[in-house]
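Note that UniProt numbering numbers the sequence shown so that position 708 is 708, with each residue one more than the last.
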Amino acid sequence: MRPHPRLHLFSNLPAQTLSNGDEFFLFFLGILLLSNGDESTPPLSTAARLPDPCLLLLFSRRRRRMAQRAQAWRVAEGGDGREWCDGGCGEVSDDGEEGEDGVLSAFVCPITMELMRDPVVVATGHAFEREAIARWLSECAELGVSPRCPVTMEVVDGTDLKPVVALRVAIEEWTDRRDRAELRRACRWLTKATSEKEALRGLDRVMRGWDKARVGKRVVRRNGMVPMVASMLRSSSARVRLKALQAIQEFAREGDEYRESVSDGDTIRTIVKFIDCEDCHERELAVSVLCELSKSEMVCEKISELNGAMLILGKVARSNAQNPALAEEAEMTLENLESCEKNVLQMAENGRLEPLLNLLIEGSPEKQLRIASSLEKIVLSNDLKNLVAQRVGLLFAGVVENGTLQAKEVAFKVLDHISTNTESAKVLIKDGILLPLFRVLSVDGVKFLPPRLQEAAAAVLSNLVACDIDFGTVTLDGNRTIVSEDIVHSLLHFISNTSPPIQCKLLEIFVMLSSSSATVLSIISAIRSSGAITNLVQFVESDHQESRAASIQLLCKISFDMDHEIAQVLRSSPTLLGCLVRIISDNDANADEQDAALQILANLPKRDRRLTMELMEQGAFKYVARKVLSICRRGTANNVFDSTMLEGLVKVLARMTYILREEPRCVALSREYNLASLFTSLLRLNGLDGVQVLSAKALVNLSVESRYMTGTPNFDQHEQKPALTWFGKKPSGIQLCRVHSGICSIRDNFCILEGKAVERLVVCLSHQNKKVAEASLAALCTLLGDGVEIAEGVLVLYRANAIEPIFEILKGNPTGTLQQRVTWAVERILRADNIAKAASSDCGLSSALVHAFQNGDSRTRRIAEAALKHINKLPTFSQIIDKHPSRRGSSIGSMERYFQSDR
1 MRPHPRLHLF
11 SNLPAQTLSN
21 GDEFFLFFLG
31 ILLLSNGDES
41 TPPLSTAARL
51 PDPCLLLLFS
61 RRRRRMAQRA
71 QAWRVAEGGD
81 GREWCDGGCG
91 EVSDDGEEGE
101 DGVLSAFVCP
111 ITMELMRDPV
121 VVATGHAFER
131 EAIARWLSEC
141 AELGVSPRCP
151 VTMEVVDGTD
161 LKPVVALRVA
171 IEEWTDRRDR
181 AELRRACRWL
191 TKATSEKEAL
201 RGLDRVMRGW
211 DKARVGKRVV
221 RRNGMVPMVA
231 SMLRSSSARV
241 RLKALQAIQE
251 FAREGDEYRE
261 SVSDGDTIRT
271 IVKFIDCEDC
281 HERELAVSVL
291 CELSKSEMVC
301 EKISELNGAM
311 LILGKVARSN
321 AQNPALAEEA
331 EMTLENLESC
341 EKNVLQMAEN
351 GRLEPLLNLL
361 IEGSPEKQLR
371 IASSLEKIVL
381 SNDLKNLVAQ
391 RVGLLFAGVV
401 ENGTLQAKEV
411 AFKVLDHIST
421 NTESAKVLIK
431 DGILLPLFRV
441 LSVDGVKFLP
451 PRLQEAAAAV
461 LSNLVACDID
471 FGTVTLDGNR
481 TIVSEDIVHS
491 LLHFISNTSP
501 PIQCKLLEIF
511 VMLSSSSATV
521 LSIISAIRSS
531 GAITNLVQFV
541 ESDHQESRAA
551 SIQLLCKISF
561 DMDHEIAQVL
571 RSSPTLLGCL
581 VRIISDNDAN
591 ADEQDAALQI
601 LANLPKRDRR
611 LTMELMEQGA
621 FKYVARKVLS
631 ICRRGTANNV
641 FDSTMLEGLV
651 KVLARMTYIL
661 REEPRCVALS
671 REYNLASLFT
681 SLLRLNGLDG
691 VQVLSAKALV
701 NLSVESRYMT
711 GTPNFDQHEQ
721 KPALTWFGKK
731 PSGIQLCRVH
741 SGICSIRDNF
751 CILEGKAVER
761 LVVCLSHQNK
771 KVAEASLAAL
781 CTLLGDGVEI
791 AEGVLVLYRA
801 NAIEPIFEIL
811 KGNPTGTLQQ
821 RVTWAVERIL
831 RADNIAKAAS
841 SDCGLSSALV
851 HAFQNGDSRT
861 RRIAEAALKH
871 INKLPTFSQI
881 IDKHPSRRGS
891 SIGSMERYFQ
901 SDR
């Protein structure tokens with residue numbers, strides 16, 4: 001007989017290296033194939049011819065008696081096979097006794113040697129596992145042999161497989177009893193006092209019983225094993241903790257009942273702690289467990305009571321770059337937790353706002369109100385404010401217009417919160433929030449709102465107006481904008497008839513609208529047409545500090561264009577002017593409020609004699625002069641506020657120089673504080689162009705008055721006068737001003753020559769700021785005007801090196817008043833023959849004079865013509881232009897009218 005080709009492969013292999021499939025193959029292959037065609041050979045004698053390893057695989061210890069008979073037959077190999085069969089033939093005694101592992105042999109399949117689950121019986125009466133016997137019979141058919149019983153090797157009907165219900169039930173009951181006993185025995189190992197090995201063994205038994213036993217899940221729960229497993233999470237062994245997490249994960253997969261059982265006690269807290277730990281395995285498994293548990297709404301509510309859980313999960317969900325799978329599972333957990341409103345609120349507090357906004361959009365009115373109330377208490381970043389505006393801006397706009405009072409109150413609070421960010425404010429404006437706000441703040445709308453809601457609406461509108469957009473282009477309805485005349489009139493009327501807090505907010509709105517060059521003219525026009533300037537000015541004496549500050553800021557913004565209207569109100573009520581003076585002189589006042597009040601005073605008409613005298617009566621000039629001196633002594637480089645405020649102070653102080661001729665008290669005060677010297681020192685403040693311009697203009701006014709205040713010597717009748725008569729010259733020891741031909745000083749008659757201001761003014765001629773250069777030129781021109789010694793003035797400028805800078809200004813071909821002034825100054829300078837002779841060869845100067853002659857106004861052209869004749873660039877046809885005019889006058893005219901034309 002020829003053996004099967006695969007049989008020799010297993011001859012020399014140890015039994016433990018062969019797989020279950022090979023064991024099964026050897027079992028039927030050895031018995032069937034080796035006996036193929038030899039019906040007289042008993043099955044067991046055929047098996048006995050197999051190698052020892054195959055024999056051991058063929059008969060396990062559960063069939064030990066069968067293997068022993070086969071081994072005995074091999075020893076007596078020379079005997080007759082019939083003797084073996086007669087002496088020991090028959091079925092193996094399945095008498096129900098247990099094997100070494102406690103399994104009844106009747107419950108074991110003879111083929112697989114494993115506990116049967118679906119036992120069937122063949123014609124010989126032996127029971128097998130349905131799957132195993134079916135495979136046995138199938139292999140027999142493939143090999144072309146008759147189907148036989150694996151135990152008796154008798155031919156059977158391969159299709160006649162009958163289920164053994166009683167045996168199956170018995171096996172199930174026995175299995176259940178065994179698993180319940182194992183699970184109960186595992187309880188004693190699930191305590192804190194057990195060792196790591198015992199704890200792991202107990203957890204293994206629990207998981208094995210949970211997976212395989214039909215009643216294991218009920219036993220685990222009824223015997224309180226779920227909390228026992230959960231208690232293992234606090235074990236000091238990492239292996240035990242991991243095993244416990246795996247067990248809890250299996251429990252949670254069974255359903256909400258087991259998820260809720262697992263979440264009893266502080267299990268959730270412990271799991272969340274694992275998520276925040278450093279151990280990667282524990283963190284990953286803990287996230288998986290929590291994801292499974294979060295599928296129960298009751299567990300979600302328990303998680304909401306744990307502070308910090310949302311924050312920790314959010315941190316893991318954002319770690320996508322480090323561990324994408326873990327981040328995805330954490331994200332799924334957060335999505336599960338969104339079923340609980342408390343969790344959604346905690347997520348929002350930690351920056352995860354989308355779930356809250358979804359509830360706000362999709363919820364009922366009552367739920368929307370509750371969610372919105374929570375939203376306004378959350379501290380939001382600018383990005384989140386922008387997100388809220390994009391998602392629910394339209395929703396809140398509808399609530400403002402049509403909601404209940406309670407809903408409006410909440411909506412105003414949320415809008416006030418998110419509108420503080422510029423980008424979110426722009427989104428709200430785009431969504432059309434301005435019109436509902438204006439309607440509730442209109443005269444008719446406020447009737448239906450309590451004052452607190454009026455104030456809230458005004459606060460929201462104030463925040464929106466603060467964003468940097470052109471409100472002249474943002475339409476409300478039709479062609480109207482927020483700066484339309486009727487809208488402004490309505491708000492101004494509302495200001496006059498509401499409480500101070502609301503007045504403050506509305507005034508702040510007008511301040512911001514007046515700060516924009518695109519809307520300030522519309523606001524000024526509406527204020528003029530409404531006649532509301534009186535009410536606005538009267539706010540400066542309001543007891544409500546915020547309203548007073550806002551009104552002063554508004555008046556500051558419009559004072560340059562509405563200076564005469566403001567002056568008219570202040571003249572009619574001197575107490576208002578006194579309030580402004582007290583504000584700027586109060587050391588405890590707000591710095592911004594002080595600066596705004598100062599700018600209002602500075603922008604009042606300079607030549608308003610009545611206001612100037614009222615300011616003097618209020619002591620404003622004395623305070624301002626002392627303040628300027630104090631700032632100059634401290635220096636402005638280290639104090640930004642002083643630098644900003646100094647320009648306004650100088651502007652107020654310079655008011656006195658415009659009425660010196662009419663008011664002796666202004667002259668006295670100017671002498672008391674030596675203003676000419678003070679303004680000269682201010683010219684040295686480089687970087688403060690505005691201060692330098694104002695100081696130079698003040699010196700212009702003071703220098704013009706110098707010729708009227710120049711004193712003459714008071715000679716003694718018996719000594720000095722005869723000497724002067726006889727010798728025709730000034731006595732020695734008396735110094736007379738060369739320009740004013742008298743006794744001059746910078747304190748008494750404001751002579752800039754005696755005050756050494758000429759040198760500083762000459763330096764300012766080369767200033768990059770043309771306004772500084774023009775004001776300095778105007779001050780120097782007072783040395784060349786009518787009523788002074790022009791030749792001496794030219795000589796002073798020549799010695800101060802001012803001629804060339806003046807020529808350079810003209811060569812720059814200026815326009816406007818600067819062209820007039822510099823052309824006038826050049827013509828006066830060129831009257832000096834030596835200077836004219838030297839300048840005649842200067843092509844650049846000639847070209848500049850020609851440009852002024854061709855492009856200037858009529859007076860500038862006449863002056864340029866005279867200057868060109870001085871340098872012989874034009875012929876002299878008549879004596880209209882006098883080459884040698886009088887020392888103190890000129891037929892061309894005086895420059896004084898240009899000095900007085902300055903605003």
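Virtual Cβ for every residue (Gly too), placed ideally from N, Cα, C.
C-alpha distance - residue i paired with residue j, whole-angstrom precision
i, j, result
"residue 735", "residue 783", "18 Å"
"residue 158", "residue 127", "14 Å"
"residue 865", "residue 822", "14 Å"
"residue 791", "residue 799", "12 Å"
"residue 253", "residue 298", "15 Å"
"residue 778", "residue 549", "38 Å"
"residue 288", "residue 248", "10 Å"
"residue 839", "residue 678", "36 Å"
"residue 389", "residue 770", "48 Å"
"residue 218", "residue 209", "10 Å"
"residue 680", "residue 761", "8 Å"
"residue 385", "residue 418", "5 Å"
"residue 175", "residue 332", "39 Å"
"residue 633", "residue 765", "26 Å"
"residue 613", "residue 603", "16 Å"
"residue 617", "residue 584", "15 Å"
Extent of the continuous alpha helix (DSSP H) to which residue i belongs
i, result
"residue 592", "591-603"
"residue 399", "382-402"
"residue 778", "770-781"
"residue 267", "267-275"
"residue 857", "Counting along the chain, residue 857 falls outside any alpha helix (DSSP H), and DSSP gives it neither H nor E."
"residue 520", "520-530"
"residue 145", "No alpha helix (DSSP H) contains residue 145, which DSSP labels as neither H nor E."
"residue 121", "Looking at the DSSP string, residue 121 is not in any alpha helix (DSSP H); the run it does join, the beta strand (DSSP E), is 119-121."
"residue 740", "Counting along the chain, residue 740 falls outside any alpha helix (DSSP H), and DSSP gives it neither H nor E."
Contact set for residue i: own chain, Cβ-Cβ below 8 Å, skip 5 residues either direction
i, result
"residue 403", "411"
"residue 874", "865 and 868"
"residue 405", "449, 450 and 453"
For residue i, the first and last residue of its enclosing beta strand (DSSP E)
i, result
"residue 448", "Where residue 448 is concerned, there is no enclosing beta strand (DSSP E), given that its DSSP letter is neither H nor E."
"residue 679", "That residue, residue 679, is in no beta strand (DSSP E); its alpha helix (DSSP H) goes 675-682."
"residue 129", "127-129"
"residue 477", "475-477"
Residue i, buried or exposed, once every other Cβ within 10 Å from all chains shown has been counted against 16
i, result
"residue 781", "buried"
"residue 856", "buried"
"residue 421", "buried"
"residue 280", "exposed"
"residue 595", "buried"
"residue 648", "buried"
Contact set for residue i: own chain, Cβ-Cβ below 7 Å, skip 5 residues either direction
i, result
"residue 571", "610 and 611"
"residue 475", "481"
"residue 132", "109, 111 and 112"
"residue 671", "747 and 748"
"residue 337", "294, 300, 303 and 343"
"residue 872", "840"
Cβ shell of residue i (< 6 Å), same chain only, five flanking positions each side left out
i, result
"residue 152", "124"
"residue 532", "492"
Cβ of residue i within 8 Å of any chain C Cβ
i, result
"residue 591", "Absent from the structure: chain C. Only one protein chain is present."
inquiry  = Check whether the stretch 326-334 and the stretch 361-371 touch, using three or more Cβ-Cβ pairs below 8 Å as the test.
reply    = No: the two stretches stay apart, fewer than three of their Cβ pairs being nearer than 8 Å.
message = Is it the case that the stretch 494-501 contacts the stretch 527-545, given that we only count it when at least three CB pairs across the two stretches are under 8 Å?
response = With three or more CB-CB distances shorter than 8 Å, the stretch 527-545 counts as touching the stretch 494-501.
message = Under 8 Å: do the stretch 189-202 and the stretch 164-175 share three or more Cβ pairs, one atom per stretch?
response = Not touching, per the Cβ criterion.
task = Say whether the stretch 138-156 touches the stretch 170-185, bearing in mind that this needs 3 or more beta-carbon pairs closer than 8 Å, one atom from each stretch.
result = No: the two stretches stay apart, fewer than three of their Cβ pairs being nearer than 8 Å.
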